[in-house]
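Everything on this sheet refers to the single structure shown next.
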Amino acid sequence: MPYVINIKRGKNKGKLKFTHGATSVDTTCWWDSAVKVDVGEYTSYATRMANKNDGITGNKKREAIWLGRNVPVNKNTRKSNEIFVHKGTSAAWSDGCIVIANSEVMKIWNAVTPKEAGNITVKITDE
Numbered sequence: 105m106p107y108v109i110n111i112k113r114g115k116n117k118g119k120l121k122f123t124h125g126a127t128s129v130d131t132t133c134w135w136d137s138a139v140k141v142d143v144g145e146y147t148s149y150a151t152r153m154a155n156k157n158d159g160i161t162g163n164k165k166r167e168a169i170w171l172g173r174n175v176p177v178n179k180n181t182r183k184s185n186e187i188f189v190h191k192g193t194s195a196a197w198s199d200g201c202i203v204i205a206n207s208e209v210m211k212i213w214n215a216v217t218p219k220e221a222g223n224i225t226v227k228i229t230d231e
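For any residue, its number in our numbering is found by taking its place in the sequence shown, counting from 1, and adding 104.
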């Protein structure tokens with residue numbers, strides 16, 4: 105994959121890292137501990153969240169990185185099609201997703217081309 109996002113999780117928060125060309129993101133991330141994505145690698149997409157209307161570009165849907173279909177959560181007790189990396193300032197924004205500051209989401213969003221293509225690998229590990 106041309107793009108890689110590495111997420112290393114600690115107990116209550118973690119670190120998200122992305123580098124491509126001149127774009128570099130190294131930031132704190134959060135998630136909902138009740139809906140925790142399993143450790144693994146996910147073919148992901150720069151896209152927009154269909155049910156969030158607070159984006160800053162184009163049609164104003166929220167910019168995000170979608171982890172794809174059937175993402176295992178809670179130690180593979182269920183699968184979800186609704187896991188994203190998107191903007192947020194704490195785990196309260198999460199609802200199962202991984203959240204980072206909006207400015208950092210936009211750095212990744214702007215670096216990834218084309219959009220809507222499975223051209224990102226999201227790697228999730230635990231400390």
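For every residue, glycine included, the Cβ atom is placed at its ideal position computed from N, Cα and C. Quick caveat, the model's predicted, so the values are computed rather than measured.
| Query | Result |
| --- | --- |
| Identify which residue in D230, T225, E220 and V189 has its Cα closest to the Cα of M210. | V189 |
| Using three-state DSSP, classify E220 as helix, strand or coil. | coil |
| Are the Cβ atoms of A196 and I169 separated by less than 7 Å? | no |
| Once DSSP output is grouped into helix, strand and coil, what is the label at I187? | coil |
| Please identify the residue among S148, G118, S207 and V203 whose C-alpha is closest to the C-alpha of A221. | S148 |
| On the DSSP bridge assignment, give the partners of I111 in chain order. | L120 and I228 |
| With respect to the beta strand (DSSP E) encompassing W135, which residues constitute its N-terminal and C-terminal limits? | T127 to W135 |
| Compare the Cα-Cα distances from W134 to each of K164, I204 and F122 and report the closest residue. | I204 |
| Counting along the chain, where does the beta strand (DSSP E) carrying S148 start and finish? | G144 to M153 |
| What does the Cβ neighbour count give for R173, buried or exposed, with the cut at 16 atoms within 10 Å? | exposed |
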